[in-house]
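Here is the structure we will look at, set down as structure tokens.
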Amino acid sequence: METKQITFIVFMLVMLGVFGYTIHRLWGFIGLTKAGFPIDKIGERVNLTLKVAFGQTKILDRPIIGIIHALVWWGFLIITVGTAEMVFDGILGQERILLFLGPVYKGIMGSGDIFAAIIISAVTIFLIRRHIIKVKRFEGVEMNKKKGWKKADATIALSMIMLLMLSLIGMNIGYVKLCSIGEIIGDSCDYFPISGLLIDLVPDSKAHLFHEINWWAHIALVFIFMNILPYSKHFHVMMSVPNVFLSRLDPKTKIQNMPSVTKEVDAMMNPETAFAEPAEGGTMEMPRFGVKDVEDISWQNYLDSLTCTECGRCTSVCPANTTGKLLSPRKIMVDTRKRMNDKGPSLVKDSSYNDQKALVGDYITKEELFACTTCNACVQACPVNIDQVSIIMDMRRYLIMEEANSPSEWNMMFTNIENNGAPWQFSPSDRMNWAEEIVMKA
Amino acid sequence: MGETKTITVPTMANLMAHGKKPEVLFWVGCAGAFDDRYQKVTRSFIKILEHVGITYGVLGMEESCTGDPARRAGNEFLFQMQAKMNIQLLDGYEVKKVVTACPHCFNTLKNEYPDLGGNYEVIHHSSFLQSLIDEGRIKVEEGGYFKGKKITFHDSCYLGRGNDIYEAPRKILEELDADLVEMKRSKANGLCCGAGGAQMFKDAEKGDKEVNVERTEDLIETNAKIVATACPFCMTMMTDGIKHFNKEEDIEVYDLAEFIDKNNDL
């Protein structure tokens, strides 16, 4: 085994070890959450994933920036084939092990070469939008209150992608250069449309070194990037596909049923159980209704928060937010993730851990929660099928059913429904008044 | 003016007493029953039902709120109590098919009652009216009140984004020989009127402006003379928005059923 091979294998194992730790940590957090809706209709989910995740249909709702993003994503998919090859090359001490695939291989590598150039341009545009144009939807209270490196989260991710692509092109240039001086046997090296044009940038004598540096830089960046992603909003690179696959298929305005309440209501409406005393000796531990803190959310809610890359499309179409209210659907996702990061590590170790804080109240206020019109514009706008409304509704449920913390007008509405069967104060006996004197042509 | 007749609206209790089962139950909804403006929509829809000769019934005084605003305000107990009561009532009358002019009732009956054991074929009146037109049971007369007028349709969130009903309302309006225009935010991108999620029943949180005012600005931008709605809450919010800009002389608000009633002078 060569030194290069051993170095690579050791580096890779360390990186995979770190990644394994991260996944273990997240798995622990997911374990704190509640059961969600069942994952059925697999065929429909596969179609949805092909359309929304791979086909980028929702991000293309905004066509110009949408196509730029889609190109980055499709490029990433193509380039990943090459990354996988590099891993095998590294382990086996080989060079371009997939070359035997012939034209297919050349097609993939050639497209990857073009995509690398496209991604460099796209990332430049993204950086300009963030730092020079300062697109409004990248701002907002949840963005401005970030501290430390989180403030530069997007810039770090974009810069890393930039370096990844530069090193990829560098590697390709080095490879074609080596070819041109007869150092590569068995490959025509004529399938790199961009890098092929740039080989004169590298002197013959430096070809080998140039290739080696870029190869190592690229694969090292891949592994480092992979380990940074789960701690960054840019985790969406890994989470988007599963999140779309696991997203809710119901009509958007359907609010999920609460079986725990159905049980209570059934008991109340059944004359045999309605007045029954609780079983002797049995401790009646009531479940908490709704969401107060991260241990009450469903695993799908948590996945949503991990998937959010803070693009702000949800908030930019939220009728409450655009008319100046505090509610921002993106903030709901950012806060949920933050709360899990704050509380999760202690809660994993000790299930009775309590820091006297909660998601509702200390992170998200009732003023935000009460402003939602359930219009689902945020859900519609999210390119990765995050469901902001469901978790907002579940937090409202907590406020109303556990804390009785309701606007007085809603209390009146509740009383009206209870007493008159209508949200307004009208008598049920007037319910047919509209039907008097309807006259029409005979 | 030709011959007229006064309609007696049949209740399910009455129909049952005579051993009759109607084709469809018309779920009137609280707004349809009590709101002065929406009562007119209810009456227009009744006239259409009578005109096409469909047998129908209403629950009358037995009808009760579906529970939509209670659920959306977070009061799941009250919602489920209402739902269970209504399901008992509907099942008692062996109801199979329900039509309603309220997207909130529609959404709750269609999407949320099945979880609690209530399974019905539920149709919003926009789809219902469209199918009547498609089947030729309603002929929209040419040269009616709306001919050539500029009309825009405001999508209700609970119809459009909620249940993917975008085309039925537009197809009805296309029959009117009017000049249909879209607001800058329409269909899946339509802006909420501000009343959903139980907002109808409380003041808005502190902000810069009311949602319905923002939506009315979209409306005014189109220069439409008429805004079509398909939801009682949207109708209230758009009417109030138009008043906010003192445009009540310039812009009229009608529900889909009223377009047909008024156009055909039923």
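Top to bottom, those sequences are chains A and B. Numbering-wise (my numbering), the first sequence opens with residue 1383 and increments by one. Numbering-wise (my numbering), the second sequence opens with residue 959 and increments by one. Beta carbons are placed, not taken as given, at the ideal position from N, Cα and C, and that holds for glycine. Just so we're clear, the structure is a prediction, and the values are computed from it rather than from any experiment.
8 Å Cβ cutoff, residue i in contact with chain B
i, result
"Lys1636/A", "yes"
"Pro1445/A", "no"
"Met1795/A", "yes"
"Met1668/A", "no"
"Thr1691/A", "no"
"Asn1767/A", "no"
"Glu1749/A", "yes"
"Pro1789/A", "yes"
"Pro1701/A", "yes"
"Arg1778/A", "yes"
"Phe1671/A", "yes"
Below-8 Å beta-carbon distance, residue i vs any chain A residue
i, result
"Thr1000/B", "yes"
"Met1039/B", "yes"
"Ser1085/B", "no"
"Gln1088/B", "no"
"Val1204/B", "The sequence given here places Asn at residue 1204/B; Val does not occur at that position. So no, Asn1204/B is outside the interface."
"Leu918/B", "Given a span of 959 to 1224 for chain B in the structure shown, any question on residue 918/B remains unanswerable."
"Tyr1103/B", "no"
"Phe984/B", "no"
"Tyr1116/B", "yes"
"Val1080/B", "no"
"Met1196/B", "no"
Residues that residue i bridges to, as DSSP identifies them
i, result
"Trp1792/A", "For Trp1792/A, which the question treats as bridged, DSSP gives no partner whatsoever."
"Met1822/A", "Lys963/B"
"Ser1680/A", "Lys1416/A"
"Asp1137/B", "Lys1108/B"
"Gly1530/A", "For Gly1530/A, which the question treats as bridged, DSSP gives no partner whatsoever."
"Gly1015/B", "Leu983/B"
8 Å Cβ cutoff met for residue i and residue j
i, j, result
"Thr1695/A", "Pro1641/A", "Correcting the residue type first, residue 1695/A is Arg in the shown sequence and not Thr. The answer is no: Cβ separation not under 8 Å."
"Ser1549/A", "Asp1769/A", "no"
"Arg1030/B", "Ile1637/A", "yes"
"Thr1110/B", "Glu1140/B", "yes"
"Lys1220/B", "Tyr1103/B", "yes"
"Ile1218/B", "Ile1209/B", "no"
"Leu1729/A", "Glu1677/A", "yes"
"Ile1610/A", "Asn1033/B", "no"
"Leu1631/A", "Glu1791/A", "no"
"Gly1148/B", "Met1195/B", "no"
"Ser1614/A", "Ala1539/A", "yes"
"Thr1058/B", "Gly987/B", "yes"
"Ile1515/A", "Ile1543/A", "no"
"Asp1686/A", "Leu1741/A", "no"
Residue i: contacting residues in chain B (beta-carbon distance under 7 Å)
i, result
"Phe1808/A", "Phe992"
"Ile1782/A", "Ala1031, Gly1032, Asn1033"
"Val1643/A", "Glu1034, Phe1035, Gln1038"
"Val1647/A", "Phe1035, Gln1038, Met1039, Lys1042"
"Ser1772/A", "Result: empty, since nearest Cβ-Cβ is about 12 Å, beyond 7 Å."
"Ser1811/A", "Met1019"
Beta-carbon proximity list for residue i, same chain, < 6 Å, skipping 5 on both sides
i, result
"Ala1702/A", "Leu1709, Ala1753"
"Ile1551/A", "Ala1498, Ser1577"
Under 8 Å by beta carbon: chain B residues contacting residue i
i, result
"Lys1707/A", "Ala1162, Glu1163, Lys1164, Gly1165"
"Arg1823/A", "In the sequence as presented, Arg is not what sits at residue 1823/A; that position holds Lys. Those within 8 Å of Lys1823/A in chain B are Gly960, Glu961, Thr962, Lys963, Asp1223, Leu1224."
"Met1651/A", "Met1039, Lys1042"
"Gln1762/A", "Arg1119, Ala1146, Asn1147"
"Phe1752/A", "Lys1160, Glu1163"
"Asp1632/A", "Asn1069"
Within chain A, partners of residue i - CB distance below 8 Å
i, result
"Val967/B", "Met1814, Ala1817, Ile1820"
"Pro1027/B", "Met1795, Ile1799, Pro1805"
"Leu1074/B", "Asn1639, Thr1644"
"Val1169/B", "Pro1701, Ala1702, Thr1705, Thr1755"
8 Å CB neighbourhood of residue i in its chain, flanking five on each side removed
i, result
"Gly1106/B", "Asp1135, Ala1136, Asp1137"
"Trp1755/A", "Rather than Trp, the amino acid found at residue 1755/A in this sequence is Thr. Around Thr1755/A: Pro1701, Ala1702."
"Ile1006/B", "Leu1087, Leu1090, Ile1096, Ala1215, Ile1218, Asp1219, Leu1224"
"Tyr1735/A", "Lys1725, Ser1728, Leu1729"
"Met1608/A", "Met1397, Phe1401"
"Thr1635/A", "Thr1756, Asn1758"
"Glu1594/A", "Gly1556"
Within chain A, the residues that residue i reaches when beta carbons sit closer than 7 Å
i, result
"Ile1004/B", "Ile1820"
"Met1154/B", "With the sequence shown as reference, residue 1154/B is identified as Gly, and Met is not the correct amino acid for it. Those within 7 Å of Gly1154/B in chain A are Thr1755, Thr1756, Cys1757."
Close-in-space but distant-in-sequence residues of the same chain around residue i (CB under 7 Å, 5 per side omitted)
i, result
"Val967/B", "Ile1004, Val1016"
Per-residue contacts from residue i into chain A (C-beta, under 9 Å)
i, result
"Glu1008/B", "Ile1820, Met1822"
Proximal chain B residues relative to residue i, where beta-carbon distance stays under 9 Å
i, result
"Asp1717/A", "The premise fails here: Asp1717/A is roughly 17 Å from chain B at the closest Cβ pair, so nothing lies under 9 Å."
"Ser1698/A", "The contacting residues do not exist; Ser1698/A stays about 11 Å from chain B at best."
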